[in-house]
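Under my numbering, read the sequence shown as residues 141 to 202, first letter to last. Some notes on the structure that comes next.
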Amino acid sequence: MSETPFVPRPCPICSKPSTEAARPFCSTRCANVDLQHWLTGAYALPAEEEDNIDEEGDGDGA
Ligand SMILES: [Zn+2]
Numbered sequence: 141m142s143e144t145p146f147v148p149r150p151c152p153i154c155s156k157p158s159t160e161a162a163r164p165f166c167s168t169r170c171a172n173v174d175l176q177h178w179l180t181g182a183y184a185l186p187a188e189e190e191d192n193i194d195e196e197g198d199g200d201g202a
């Protein structure tokens with residue numbers, strides 16, 4: 141009862157239906173592409189967190 145059948149989901153890379161062999165990707169090729177994204181992203185962390193400044197608790201009143 142705990143066995144869930146393989147449900148093909150869209151590949152996060154190319155949106156094609158994923159295969160059970162390379163899930164959640166459609167192929168190992170897309171898996172590699174995703175891996176590259178992770179690697180390059182880890183090497184060059186984009187600093188786009190300057191538009192989300194949390195300044196709460198400053199006593200702004202109502
Ligand atoms: Zn794909």
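Heads up, the beta-carbon is just placed ideally off N, CA and C, and yes, glycines get one too.
Query: Provide the residue(s) that pair with proline 157 in DSSP beta bridges, ordered along the chain.; Result: Pro150
Query: Taking any heavy atom of ligand 1 as the mark, which residues have a C-beta closer than 6 angstroms to it, listed down the chain?; Result: Cys151, Ile153, Cys154, Lys156, Phe165, Cys166, Ser167, Cys170
Query: Please name the residue in Thr180, Pro145, Asp174, Ser142 whose C-alpha comes closest to that of serine 155.; Result: Asp174
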